[in-house]
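For the sequence shown, the numbering used here begins at 101 and goes up steadily by one.
C-beta: ideal position from N, C-alpha, C; glycine also.
All of these numbers come straight from a predicted model, not from anything done at the bench.
Note sheet for the following structure.
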Amino acid sequence: MNRQLIGYLAAIILLAALPALGGYPIFIMKVMCYALFACAFNLLLGYTGLLSFGHAAFLGLAAYACGQSLAVWGWPTAGGLLFGTAAAGVLGLIFGILSIRRSGIYFAMITLALAQMLFFYFLQAPFTGGEDGLQGIPRGSILGLDLSEDINLYYVVLLIFILGYALIWRTVHSPFGQVLKAIRENEPRMISLGYDVDRFKLLAFVLSATLAGLAGATKSLVFVSATLSDATWHMSGTVVLMTLIGGMGTLTGPVLGAIIVVALENKVGEFGRFLMHQTGIEWFRVLGESVTIVIGLIFIICVLAFRRGIVGEWLAWRQKAG
(Lines of atoms letter the chains of each structure in order from A; the text may use other names.)
(Lines give C-alpha, C1' and ligand atoms only; values in the text may rest on other atoms or scores of the structure.)
Protein backbone atom coordinates (compact mmCIF):
# COMPACT_ATOMS: atom_id res chain seq x y z
CA MET A 101 0.00 0.00 0.00
CA ASN A 102 1.62 3.27 -1.09
CA ARG A 103 2.00 6.31 1.12
CA GLN A 104 -0.52 8.38 -0.83
CA LEU A 105 -3.29 5.84 -0.23
CA ILE A 106 -2.36 5.62 3.46
CA GLY A 107 -2.53 9.40 3.67
CA TYR A 108 -6.00 9.49 2.11
CA LEU A 109 -7.28 6.75 4.45
CA ALA A 110 -5.86 8.60 7.45
CA ALA A 111 -7.55 11.83 6.31
CA ILE A 112 -10.91 10.05 5.89
CA ILE A 113 -10.63 8.47 9.35
CA LEU A 114 -9.76 11.86 10.86
CA LEU A 115 -12.70 13.57 9.16
CA ALA A 116 -15.05 10.82 10.31
CA ALA A 117 -13.80 11.19 13.89
CA LEU A 118 -13.76 15.01 14.06
CA PRO A 119 -17.29 15.43 15.50
CA ALA A 120 -16.45 12.97 18.27
CA LEU A 121 -13.25 14.93 18.94
CA GLY A 122 -15.17 18.15 19.49
CA GLY A 123 -15.26 19.52 15.94
CA TYR A 124 -18.26 21.69 15.05
CA PRO A 125 -20.14 19.75 12.33
CA ILE A 126 -21.59 22.80 10.52
CA PHE A 127 -18.18 24.43 10.20
CA ILE A 128 -16.52 21.25 8.92
CA MET A 129 -19.35 20.67 6.44
CA LYS A 130 -18.90 24.22 5.17
CA VAL A 131 -15.20 23.53 4.67
CA MET A 132 -15.95 20.30 2.77
CA CYS A 133 -18.46 22.04 0.47
CA TYR A 134 -15.99 24.80 -0.38
CA ALA A 135 -13.15 22.29 -0.72
CA LEU A 136 -15.17 20.33 -3.30
CA PHE A 137 -15.98 23.60 -5.08
CA ALA A 138 -12.28 24.55 -5.16
CA CYS A 139 -11.24 21.08 -6.38
CA ALA A 140 -13.81 21.32 -9.19
CA PHE A 141 -12.47 24.74 -10.18
CA ASN A 142 -8.89 23.47 -10.01
CA LEU A 143 -9.77 20.74 -12.52
CA LEU A 144 -10.44 23.52 -15.00
CA LEU A 145 -7.67 25.98 -14.07
CA GLY A 146 -4.91 23.77 -12.70
CA TYR A 147 -5.20 20.85 -15.11
CA THR A 148 -6.71 22.41 -18.26
CA GLY A 149 -5.32 25.93 -18.03
CA LEU A 150 -8.69 27.71 -18.31
CA LEU A 151 -9.33 30.58 -15.87
CA SER A 152 -13.05 31.02 -15.25
CA PHE A 153 -14.28 34.11 -13.40
CA GLY A 154 -17.86 32.84 -13.39
CA HIS A 155 -17.77 29.57 -11.48
CA ALA A 156 -20.03 30.95 -8.75
CA ALA A 157 -22.89 30.73 -11.27
CA PHE A 158 -22.81 26.92 -11.03
CA LEU A 159 -22.61 26.96 -7.23
CA GLY A 160 -25.52 29.40 -7.00
CA LEU A 161 -27.75 27.77 -9.61
CA ALA A 162 -27.37 24.35 -8.02
CA ALA A 163 -28.20 25.78 -4.59
CA TYR A 164 -31.36 27.47 -5.88
CA ALA A 165 -32.40 24.47 -7.99
CA CYS A 166 -31.93 22.06 -5.08
CA GLY A 167 -33.75 24.41 -2.69
CA GLN A 168 -36.66 24.95 -5.08
CA SER A 169 -37.13 21.23 -5.68
CA LEU A 170 -37.08 20.45 -1.96
CA ALA A 171 -38.91 23.44 -0.45
CA VAL A 172 -41.53 24.11 -3.15
CA TRP A 173 -41.92 20.94 -5.20
CA GLY A 174 -41.53 18.55 -2.27
CA TRP A 175 -38.95 16.30 -3.90
CA PRO A 176 -36.94 13.77 -1.86
CA THR A 177 -33.51 14.95 -0.73
CA ALA A 178 -31.53 12.72 -3.10
CA GLY A 179 -33.65 13.94 -6.02
CA GLY A 180 -33.04 17.56 -5.05
CA LEU A 181 -29.28 17.05 -4.88
CA LEU A 182 -29.25 15.33 -8.28
CA PHE A 183 -31.47 18.02 -9.81
CA GLY A 184 -29.23 20.83 -8.56
CA THR A 185 -26.12 19.05 -9.80
CA ALA A 186 -27.67 18.31 -13.20
CA ALA A 187 -28.84 21.93 -13.57
CA ALA A 188 -25.28 23.13 -13.00
CA GLY A 189 -24.01 20.62 -15.56
CA VAL A 190 -26.47 21.86 -18.20
CA LEU A 191 -25.52 25.47 -17.45
CA GLY A 192 -21.87 24.46 -17.76
CA LEU A 193 -22.58 23.03 -21.20
CA ILE A 194 -24.24 26.29 -22.30
CA PHE A 195 -21.49 28.49 -20.84
CA GLY A 196 -18.83 26.21 -22.29
CA ILE A 197 -20.25 26.28 -25.81
CA LEU A 198 -20.36 30.08 -25.67
CA SER A 199 -16.87 30.62 -24.21
CA ILE A 200 -14.62 27.65 -24.98
CA ARG A 201 -13.46 28.91 -28.39
CA ARG A 202 -11.70 31.82 -26.72
CA SER A 203 -8.69 31.61 -24.44
CA GLY A 204 -6.82 33.66 -21.87
CA ILE A 205 -8.39 36.88 -20.66
CA TYR A 206 -11.14 36.69 -23.30
CA PHE A 207 -12.33 33.34 -21.96
CA ALA A 208 -12.23 34.68 -18.38
CA MET A 209 -14.22 37.81 -19.29
CA ILE A 210 -16.88 35.84 -21.17
CA THR A 211 -17.44 33.54 -18.18
CA LEU A 212 -17.61 36.57 -15.88
CA ALA A 213 -20.15 38.32 -18.11
CA LEU A 214 -22.35 35.22 -18.37
CA ALA A 215 -22.22 34.68 -14.60
CA GLN A 216 -23.19 38.31 -13.95
CA MET A 217 -26.15 37.97 -16.28
CA LEU A 218 -27.31 34.97 -14.26
CA PHE A 219 -26.71 36.86 -10.99
CA PHE A 220 -28.99 39.72 -12.05
CA TYR A 221 -31.61 37.17 -13.06
CA PHE A 222 -31.41 35.59 -9.59
CA LEU A 223 -31.71 39.07 -8.06
CA GLN A 224 -35.05 39.71 -9.80
CA ALA A 225 -36.54 36.21 -10.14
CA PRO A 226 -39.47 35.62 -7.75
CA PHE A 227 -38.49 32.06 -6.79
CA THR A 228 -35.06 33.08 -5.40
CA GLY A 229 -36.40 35.43 -2.74
CA GLY A 230 -34.20 38.26 -4.04
CA GLU A 231 -31.81 39.64 -1.42
CA ASP A 232 -33.52 37.57 1.30
CA GLY A 233 -32.66 34.32 -0.47
CA LEU A 234 -34.50 31.03 -0.50
CA GLN A 235 -34.97 30.13 3.17
CA GLY A 236 -36.26 27.12 5.07
CA ILE A 237 -35.01 24.41 2.72
CA PRO A 238 -35.97 21.05 4.30
CA ARG A 239 -33.14 18.57 4.69
CA GLY A 240 -35.41 15.54 4.58
CA SER A 241 -33.83 12.11 4.77
CA ILE A 242 -31.64 9.74 2.75
CA LEU A 243 -31.82 5.97 3.19
CA GLY A 244 -33.77 6.44 6.40
CA LEU A 245 -31.26 8.89 7.90
CA ASP A 246 -32.94 11.98 9.36
CA LEU A 247 -30.79 14.80 7.99
CA SER A 248 -32.30 17.35 10.36
CA GLU A 249 -29.77 15.90 12.79
CA ASP A 250 -26.45 17.62 12.08
CA ILE A 251 -24.40 14.50 12.75
CA ASN A 252 -26.37 12.46 10.19
CA LEU A 253 -26.01 15.18 7.59
CA TYR A 254 -22.30 15.41 8.40
CA TYR A 255 -21.61 11.85 7.27
CA VAL A 256 -23.71 12.30 4.13
CA VAL A 257 -21.71 15.43 3.25
CA LEU A 258 -18.49 13.55 4.02
CA LEU A 259 -19.52 10.76 1.63
CA ILE A 260 -20.40 13.30 -1.09
CA PHE A 261 -17.03 15.01 -0.65
CA ILE A 262 -15.13 11.71 -0.81
CA LEU A 263 -16.98 10.61 -3.96
CA GLY A 264 -16.48 14.00 -5.63
CA TYR A 265 -12.79 14.08 -4.76
CA ALA A 266 -12.35 10.47 -5.92
CA LEU A 267 -13.93 11.35 -9.28
CA ILE A 268 -11.52 14.27 -9.70
CA TRP A 269 -8.57 12.05 -8.70
CA ARG A 270 -9.61 9.42 -11.23
CA THR A 271 -10.11 12.02 -13.95
CA VAL A 272 -6.69 13.56 -13.40
CA HIS A 273 -4.97 10.14 -13.51
CA SER A 274 -6.89 8.91 -16.57
CA PRO A 275 -5.87 9.24 -20.24
CA PHE A 276 -8.44 12.04 -20.47
CA GLY A 277 -6.65 13.86 -17.65
CA GLN A 278 -3.29 13.44 -19.38
CA VAL A 279 -4.75 15.04 -22.52
CA LEU A 280 -5.99 17.96 -20.44
CA LYS A 281 -2.51 18.47 -18.98
CA ALA A 282 -1.00 18.35 -22.45
CA ILE A 283 -3.49 20.98 -23.66
CA ARG A 284 -2.52 23.16 -20.72
CA GLU A 285 1.18 22.83 -21.53
CA ASN A 286 1.08 23.15 -25.32
CA GLU A 287 -2.29 23.51 -27.02
CA PRO A 288 -0.94 24.07 -30.58
CA ARG A 289 1.03 20.82 -30.41
CA MET A 290 -2.09 18.88 -29.34
CA ILE A 291 -3.99 20.39 -32.28
CA SER A 292 -1.17 19.36 -34.64
CA LEU A 293 -1.39 15.81 -33.25
CA GLY A 294 -5.01 15.63 -34.32
CA TYR A 295 -6.80 16.11 -30.98
CA ASP A 296 -10.13 17.93 -30.95
CA VAL A 297 -8.96 20.38 -28.30
CA ASP A 298 -12.25 22.28 -28.05
CA ARG A 299 -14.14 19.06 -27.31
CA PHE A 300 -11.75 18.12 -24.50
CA LYS A 301 -11.93 21.60 -23.01
CA LEU A 302 -15.72 21.54 -23.19
CA LEU A 303 -15.87 18.17 -21.41
CA ALA A 304 -13.54 19.49 -18.70
CA PHE A 305 -15.68 22.62 -18.33
CA VAL A 306 -18.92 20.64 -17.99
CA LEU A 307 -17.38 18.22 -15.48
CA SER A 308 -16.00 21.11 -13.43
CA ALA A 309 -19.37 22.89 -13.49
CA THR A 310 -21.22 19.71 -12.49
CA LEU A 311 -18.96 19.11 -9.49
CA ALA A 312 -19.24 22.77 -8.50
CA GLY A 313 -23.00 22.29 -8.67
CA LEU A 314 -22.78 19.26 -6.40
CA ALA A 315 -20.95 21.45 -3.88
CA GLY A 316 -23.63 24.16 -4.17
CA ALA A 317 -26.54 21.75 -3.77
CA THR A 318 -24.89 20.18 -0.73
CA LYS A 319 -24.21 23.60 0.77
CA SER A 320 -27.89 24.51 0.48
CA LEU A 321 -28.71 21.49 2.66
CA VAL A 322 -26.08 22.39 5.24
CA PHE A 323 -27.35 25.95 5.71
CA VAL A 324 -31.00 25.20 4.74
CA SER A 325 -30.88 28.25 2.46
CA ALA A 326 -29.67 29.51 -0.90
CA THR A 327 -28.62 33.15 -1.15
CA LEU A 328 -27.28 35.61 -3.68
CA SER A 329 -23.84 35.43 -2.07
CA ASP A 330 -23.45 31.97 -3.63
CA ALA A 331 -23.69 33.49 -7.13
CA THR A 332 -21.73 36.74 -6.82
CA TRP A 333 -18.43 37.49 -8.55
CA HIS A 334 -16.94 37.69 -5.06
CA MET A 335 -17.51 33.94 -4.71
CA SER A 336 -15.83 33.35 -8.08
CA GLY A 337 -12.85 35.36 -6.82
CA THR A 338 -12.80 33.45 -3.54
CA VAL A 339 -12.51 30.08 -5.26
CA VAL A 340 -9.63 31.41 -7.37
CA LEU A 341 -7.98 32.55 -4.13
CA MET A 342 -8.46 29.14 -2.49
CA THR A 343 -6.87 27.39 -5.45
CA LEU A 344 -3.88 29.71 -5.72
CA ILE A 345 -3.13 29.73 -1.99
CA GLY A 346 -3.30 25.94 -1.69
CA GLY A 347 -1.56 25.12 -4.94
CA MET A 348 -2.91 25.20 -8.47
CA GLY A 349 -2.54 21.92 -10.33
CA THR A 350 -2.32 19.81 -7.17
CA LEU A 351 -5.07 17.58 -5.80
CA THR A 352 -4.79 18.54 -2.14
CA GLY A 353 -3.90 22.22 -2.67
CA PRO A 354 -7.48 23.49 -3.18
CA VAL A 355 -8.59 21.57 -0.07
CA LEU A 356 -5.92 23.29 2.02
CA GLY A 357 -6.78 26.63 0.44
CA ALA A 358 -10.46 26.15 1.31
CA ILE A 359 -9.57 25.29 4.92
CA ILE A 360 -7.43 28.43 5.24
CA VAL A 361 -9.96 30.82 3.68
CA VAL A 362 -13.01 29.44 5.52
CA ALA A 363 -11.10 29.34 8.82
CA LEU A 364 -10.04 32.96 8.37
CA GLU A 365 -13.59 34.06 7.54
CA ASN A 366 -14.94 32.39 10.67
CA LYS A 367 -12.11 32.63 13.19
CA VAL A 368 -10.33 35.96 12.57
CA GLY A 369 -12.81 37.78 14.82
CA GLU A 370 -12.20 35.36 17.70
CA PHE A 371 -8.44 35.62 17.19
CA GLY A 372 -8.71 39.42 17.22
CA ARG A 373 -10.58 39.42 20.54
CA PHE A 374 -7.97 37.06 21.98
CA LEU A 375 -5.17 39.39 20.92
CA MET A 376 -7.02 42.39 22.37
CA HIS A 377 -7.34 40.69 25.76
CA GLN A 378 -3.69 39.64 25.70
CA THR A 379 -2.19 42.94 24.50
CA GLY A 380 -4.77 45.51 25.53
CA ILE A 381 -4.70 47.00 22.02
CA GLU A 382 -8.28 48.00 21.17
CA TRP A 383 -7.67 47.84 17.40
CA PHE A 384 -7.62 44.03 17.46
CA ARG A 385 -11.34 44.08 18.35
CA VAL A 386 -12.25 45.11 14.79
CA LEU A 387 -9.96 42.54 13.19
CA GLY A 388 -12.98 40.36 12.42
CA GLU A 389 -14.41 43.17 10.28
CA SER A 390 -11.18 43.24 8.25
CA VAL A 391 -11.24 39.62 7.04
CA THR A 392 -10.81 40.63 3.41
CA ILE A 393 -7.70 42.63 4.29
CA VAL A 394 -6.22 39.69 6.21
CA ILE A 395 -6.99 37.26 3.36
CA GLY A 396 -5.53 39.76 0.88
CA LEU A 397 -2.30 40.00 2.86
CA ILE A 398 -2.03 36.20 3.00
CA PHE A 399 -2.62 36.06 -0.74
CA ILE A 400 0.16 38.60 -1.36
CA ILE A 401 2.53 36.62 0.85
CA CYS A 402 1.69 33.38 -0.96
CA VAL A 403 2.18 34.97 -4.38
CA LEU A 404 5.55 36.43 -3.36
CA ALA A 405 6.91 33.54 -1.29
CA PHE A 406 4.95 30.52 -2.55
CA ARG A 407 4.56 30.97 -6.30
CA ARG A 408 3.26 27.40 -6.68
CA GLY A 409 0.97 27.62 -3.64
CA ILE A 410 1.63 25.99 -0.29
CA VAL A 411 1.21 22.38 -1.44
CA GLY A 412 2.95 23.08 -4.75
CA GLU A 413 6.02 24.50 -3.01
CA TRP A 414 6.10 21.58 -0.57
CA LEU A 415 5.95 19.05 -3.41
CA ALA A 416 8.71 20.92 -5.29
CA TRP A 417 10.87 20.95 -2.16
CA ARG A 418 10.33 17.21 -1.66
CA GLN A 419 11.25 16.48 -5.26
CA LYS A 420 14.39 18.59 -5.01
CA ALA A 421 15.38 17.04 -1.66
CA GLY A 422 14.78 13.51 -2.97
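Which residues DSSP lists as bridging residue i, in chain order
i	result
Leu245	Ile242
Ser325	Gln235
Nearest candidate by alpha-carbon position, reference residue i, set the options
i	options	result
Ile283	Phe300, Phe137, His273, Val272	Phe300
Thr191	Ala312, Leu121, Gln168	Strictly speaking, residue 191 in this sequence is Leu, with Thr absent from that position. Among Ala312, Leu121, Gln168, the Cα nearest to that of Leu191 belongs to Ala312.
Leu404	Val394, Ile345, Pro354	Ile345
Ser199	Val256, Ala186, Asn142, Leu214	Leu214
Met342	Ala116, Ala117, Leu109, Phe141	Phe141
Pro423	Ala138, Ala110, Gly107	Lying before the first or after the last residue shown, residue 423 is absent from the chain, which here runs from 101 to 422.
Val339	Leu193, Ile360, Asn102	Ile360
Thr228	Gln216, Arg103, Gly167, Ile268	Gly167
Ile395	Arg408, Leu364, Ala186, Ile291	Leu364
Phe305	Glu285, Tyr295, Thr271	Thr271
Thr310	Phe222, Asp246, Phe183, Asn102	Phe183
Pro176	Leu245, Ile393, Leu234, Ile112	Leu245
Gly412	Ile400, Ile393, Ile268, Thr352	Thr352
Sequence-distant residues of the same chain with beta carbon closer than 6 Å to residue i, five excluded per side
i	result
Leu321	Arg239
Leu170	Gly180, Ile237, Pro238
Ile291	Val297
Whether residue i touches residue j by CB criterion (8 Å)
i	j	result
Tyr147	Gly349	yes
Thr332	Phe219	yes
Leu303	Leu143	no
Ile410	Gly347	yes
Phe207	Leu151	yes
Gly316	Phe158	yes
Arg408	Asp298	no
Gly154	Thr211	yes
Lys367	Cys133	no
Phe222	Leu136	no
Same chain, Cβ closer than 7 Å to residue i, five either side skipped, listed in chain order
i	result
Trp417	none
Ile251	Pro119, Pro125
Leu115	Leu258
Val324	Gly236, Ile237, Arg239
Leu193	Val306
Spatial distance of residue i from residue j (CA atoms)
i	j	result
Asp330	Ala163	8 Å
Gly180	Lys420	47 Å
Ala358	Pro226	32 Å
Leu263	Gly204	31 Å
Leu280	Thr379	52 Å
Val131	Pro288	38 Å
Gln104	Glu231	44 Å
Ala178	Tyr255	14 Å
Ile398	Gly174	44 Å
Asn286	Leu415	23 Å
Gly233	Leu161	12 Å
Cutoff 8 Å; reference residue i; Cβ partners in own chain excluding five residues on either side
i	result
Leu243	none
Ala172	Going by the sequence as given, residue 172 is Val instead of Ala. Around Val172: Phe227.
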